[in-house]
Every structure is written in structure tokens, then in C-alpha cells.
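*Asks:* Just so you know, the sequence shown maps onto residues 2 to 431 in our numbering.
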Amino acid sequence: MQDYKVTVKNYSPNPQGITAFHIDSPTTESQIKGFLLQLRGWIVGDLFPGKKIQLWDKSLGSPICVSVMNESRPDVLAAYQLPNDTEPCGFQFSLNLLNLPAQTSLILQSESNDGNFTAFAELEIQRPVLQPTWQCKRHPVLVNSLGRSGSSLLMRLLSQHPEIIVQSPHPFEGRLAKFYVNQLLQRYAEYLTGESNYPPGNLQAVNMHWLHTELSQHEQLIRQYSQLDFNSLADFVLQSIDRAYDLVDDSETTRKPSSRYYAEKSGSGHTARLMMELDPGGQEIFLVRDFRDMYCSMIQFSKHRQTDDFGWHEEHADDYMEIVAERVEQLRVSYENRVKTPLLLRYEDLLTRPPEVLQQLLADLGLTHNPNTILDMVNAMNKTVEGHQTSKNAPASIGRWKNELNRKQQSRINMIFRKSLSTFGYEVKD
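Printed below as a string of C-alpha cells:
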């Protein structure tokens, strides 16, 4: 297995609140085999109980690891003549590099007393690209979007194409490929890093804890685990996805023997990124909707269904715009940092010019786009789903924010969403 390379850049002068810091591992210029990055270091400065360190992924625009500083470092306390009862000043991360692009930058950030985070170092990482040899029967079309942006509608339209398999029924939440990539590739990282989402006492969590403890005490073992042939494992994942969609096709009333793609909803995070690395013949579609309309639709849907699917709670209504803005910003950053340029599709264009938009989309995918195929897809738009709509009709859903938000809210949402609206081609007036 090839080495991965890590370059450490320490910020200078020290940021406010940090007297001194050091990254012990990896060293400034490192070459390490495998896909496991072990990060260890210390900070002296504003220390307080529960102080956190986080790793910020520039390509996602969000933190990917957060850890409480809980390592005692007597050597550091002695060097800086600090009392023995000083709060822990050491930190440690174990990071699965398959959750990152092949080339990426991570920013190390330290929590301040006010709860904000200050950057103090940066890691530039270059890891080997996975190169499976399996020839995929079908390639993924991943629909990346936020809630209430038309993803279920688009999936319904794609399902009408004779060369695209979609696991039905509505709301098309079946994600077989994501399941296999998570379970067989990314889940392996749990055993290396000690990560676990299982409840305390769960047998799987206990077994993982034992294994991680064993690995952490024996460097040779962890080297062996991290250097396994991931390309062979990737081949198995791709074969499993092919077989799974064979079963989906067999279960449908009308089979699609000439299918070239399968379509799934997907988030814009590391799983979609890894799937594109495993199968470069796939394509991502970033489906966006005017984020102001999307915001209004999220609120109305949550109230009507009495659900918190989109994170809306009556008691936190005043903060909800900022919560949505954070997701929007992550979508924008992900879109701009993709290695393979994704297709961009606007919900409004799909509603107002469906034949033209679908013809272009299918052409971009290299698929048949004759008039009969387009007509079948357009006709599927007329099928409504009980309880899913929050506007009287499609035209009423476009620009709804102008009627549903007061002037103060309109000014605020324009300010908060301005950059992302501009990125995706939406007009913002002062």
C-alpha cells in the first residue's frame, strides 16, 4: 500500500488565548502507510474543564472531529512550571482518511472561554486514491440536496427512465450503495479509531472497545490493520452494490435490462465523495431551491406534520434561520470543492421548464432523451403525494418567502443566505 503524506503548518504568532502548543504526531513532514492518521499534541493557555479541540474540514465547511482535552501531560506542566492540578492540556485524535478527499486540508481549532473556536494549525494531507478493479454494471447518480428542495420529485422523474434504477416507493429513501460503503469501508474505521455510536453496554461497543484498546497498545497490530488491501475491499463493495440493484430490478413490475445507472438520494458529505472515488463513472447532481423558499417550506412542513425532521422546534424558532444557514453553507462549500464537477439543477427550472431541463440532464448523463422518454418523465410530475406539498400548486411555491416573511425577516434571510444564493444563481436585492 502507498504512503500517505501529511504536512503540518503551525500558525505564528500564537493565536490569542494560546501561550504555546505543539503537535507531537504526525511530525512536520510525514509519510505513513495505510489510511489511519493518529494526531497527538498539547496546548498551554486558557485551560478550563471540558475544553475542546476540533478538526475543521475545509472541503466540507464543517468540523469532522471534536474531542475534549483529557490527556494529562506532566512533561508539559513541568516545562512551563504549571501546577500539577492544571486542567489536562493534551489531545489525541484517530482519523480515518477514507472520510476525506485524496487531497485535503484540516484546520486544528481550540475552544475559547466564550465557546468559539480559534485556529492554531493546519494539516495538509495527501492519501492514496482507491483504485478498485471491478467493472461496475451500473454507475451511481447521487442526488445531493437539502430538505424541501424537490429531491423526491426528481427521484420520481429519474425512476421513469428505462436506463435508471430507483429503489421505490416514495419518498425514495432507500440508499443501498450508501449502506454498503458505510458498513464495509467506513465502518472499518470504527475498529481503528475507537469510534462508536452504540449505546453504553452494547455488546458491539464492548467488543470494539476491547479491540481498540488492544490496537492502541501494539503499534505493529495497528500497522497491520491499517495496511489491509482496501482496493480488494472496495471491489467487494462494488460487487455487492451491483448484486443489490440486480435484486431491486428483479422485484420491479417492469425490469430494466439495459440499465446503466442507479439513482439514490445522498448527502453532500464524505460518503458521496467516497462513492465517486470508488466509481468515477458516476455523477453527482446538486439539486438546489431558492433557500428562502426552502426555509419557509421546512417550517410549514414541520408544523403541518408535527415533525422535527428538519430540525425545527417551536421553542428554538428564533434561531432556526441560522441553523438552516449552516446547512446551506456546508452544501455550498461541498459543491465548490468537489474533484469531479457535479451537475447543478435548480428546482425552479425543473418546475417551469421540465422538458428542456430533463433533456439537458439526460444528455449530461449520456442517456437516451427521445421525446417519448421525456414525456413519460414529465407526466410523472403530475402525481401528487398526500401531505407532502406545503403550497397550493407548483407556481405558488416559487417566491413564497416574499409573502410569508415580514420585512425584517426578509432583510435578515437575504443577509444570511446572500453568498450561497449568489453561488447557485439566485438574485439577492438589497
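In this text, a Cβ means the ideal position worked out from N, Cα and C, and glycines have one as well.
Small disclaimer: the values here were computed from a predicted structure and weren't measured.
Compute the beta-carbon to beta-carbon distance between Glu112 and Lys52, rounded to the nearest angstrom, for a pair I have assumed lies under 8 Å.
*Replies:* 5 Å
*Asks:* Could you check which residue in Leu234, Gln168, Gly270 has the C-alpha nearest to that of Thr255?
*Replies:* Taking the Cα of Thr255 as reference, the smallest distance to any Cα among Leu234, Gln168, Gly270 is reached at Gln168.
*Asks:* Suppose you measure from the CA of Gly91 to the CA of Trp43; what does that come to, to the nearest Å?
*Replies:* 4 Å
*Asks:* Using the three-state DSSP reduction, which class does Tyr12 fall into: helix, strand or coil?
*Replies:* coil
*Asks:* Take the Cβ of Ser303 as the centre, count every other Cβ of all protein chains shown within 10 Å, and call the residue buried at 16 or more, exposed below.
*Replies:* buried
*Asks:* For Pro141, list the residues DSSP reports as bridge partners.
*Replies:* Tyr263
*Asks:* In whole angstroms, give me the CA-to-CA distance for Arg333 and Asn383.
*Replies:* Each residue's alpha carbon lies about 30 Å from the other.
*Asks:* Confirm, please, whether the CB-CB distance from Ala235 to Leu131 is below 7 Å.
*Replies:* Cβ distance < 7 Å, so Leu131 and Ala235 count as in contact.
*Asks:* On the three-state DSSP scale, how would you describe Cys90?
*Replies:* coil
*Asks:* Assign Met416 to buried or exposed, taking buried as 16 or more other Cβ atoms, counted over all protein chains shown, within 10 Å of its Cβ.
*Replies:* exposed
*Asks:* Checking 7 Å against the spacing of the C-beta atoms, do Gln127 and Gln104 come in under that value?
*Replies:* yes
*Asks:* With H, G and I counted as helix, E and B as strand and the rest as coil, what does DSSP make of Arg413?
*Replies:* In this structure, Arg413 counts as helix in the three-state DSSP scheme.
*Asks:* Starting from Ala120, trace the beta strand (DSSP E) both ways and give me its first and last residue.
*Replies:* 118 to 127
*Asks:* Measuring CA to CA, which of Leu154, Pro14, Asp47 is closest to Gly116?
*Replies:* Asp47
*Asks:* Under 7 Å between the Cβ atoms of Thr272 and Val182?
*Replies:* yes
*Asks:* Would you mind working out which of Leu101, Glu405, Met322 sits nearest Arg419, comparing C-alpha positions?
*Replies:* Met322
*Asks:* Can you tell me which of Leu98, Leu366, Thr374, Leu422 puts its alpha carbon nearest to the alpha carbon of Ala264?
*Replies:* Leu366
*Asks:* Taking C-alpha atoms, which residue in Leu288, Phe94, Trp57, Pro372 lies nearest to Phe425?
*Replies:* Leu288
*Asks:* For the ligand FMN, any of its heavy atoms closer than 6 Å to the Cβ of Leu56?
*Replies:* This structure simply doesn't include the ligand FMN, nor any ligand for that matter.
*Asks:* At 4 residues or longer, and completely inside the stretch 14 to 101: list those alpha helix (DSSP H) runs for me, N to C.
*Replies:* As for any alpha helix (DSSP H) of minimum length 4 sitting wholly inside the stretch 14 to 101, the runs are 75 to 80, ordered along the chain.
*Asks:* By alpha-carbon positions, which one of Ala122, Ile375, Pro343, Thr369 ends up nearest to Ser358?
*Replies:* In the sequence as displayed, the identity of residue 358 is Val instead of Ser. Among Ala122, Ile375, Pro343, Thr369, the Cα nearest to that of Val358 belongs to Ile375.
*Asks:* Using a Cβ-Cβ cut-off of 6 Å (strictly less than) and excluding sequence neighbours within five positions of Leu158, which residues of its own chain qualify?
*Replies:* Met378, Ala381
*Asks:* Can you tell me whether DSSP reads Lys6 as helix, strand or coil?
*Replies:* strand
*Asks:* Is it true that the stretch 311 to 328 meets the stretch 277 to 291, where meeting means three or more beta-carbon pairs spaced less than 8 Å apart?
*Replies:* Contact between the stretch 311 to 328 and the stretch 277 to 291 is absent, because fewer than three Cβ pairs lie under 8 Å.
*Asks:* Identify whether Gln307 lies in helix, strand or coil by the three-state DSSP scheme.
*Replies:* coil
*Asks:* Go through its chain and collect everything with a Cβ distance to Arg176's Cβ below 6 Å, but skip five positions before and after it.
*Replies:* Glu265
*Asks:* Helix or strand or just coil, what does DSSP make of Gln205?
*Replies:* Confidence in Gln205 is poor, its pLDDT being 45 and thus under 50, which makes the residue's placement too unreliable to answer from.
*Asks:* Name the DSSP bridge partner or partners of Gln284?
*Replies:* Val142
*Asks:* Gly151 to Ser421, Cα distance in whole Å?
*Replies:* 18 Å
*Asks:* Where do the ends of the alpha helix (DSSP H) carrying Leu332 lie?
*Replies:* Looking at the DSSP string, the run of the alpha helix (DSSP H) that includes Leu332 is 321 to 337.
*Asks:* Can you give the Cα-Cα distance for Gln32 and Asp280, rounded to whole angstroms?
*Replies:* 27 Å
*Asks:* Taking the beta strand (DSSP E) that Leu109 falls in, what are its first and last residues?
*Replies:* Boundaries of the beta strand (DSSP E) harbouring Leu109: 104 to 112, taken from the DSSP string.
*Asks:* Which whole-angstrom value describes the C-beta separation of Leu101 and Asp58, a residue pair presumed to lie in contact below a C-beta threshold of 8 Å?
*Replies:* 7 Å
*Asks:* For Ala120, which residues in the same chain have their Cβ closer than 6 Å to its Cβ, ignoring the five residues on either side in sequence?
*Replies:* Cβ within range, chain order: Ile108, Gln110.
*Asks:* Looking only at C-alpha atoms, which of Pro141, Tyr5, Asp291 sits nearest to Leu275?
*Replies:* Pro141
*Asks:* Would Asp294 and Arg401 be called neighbours here (beta carbons separated by less than 7 Å)?
*Replies:* Yes, they are a contact pair.
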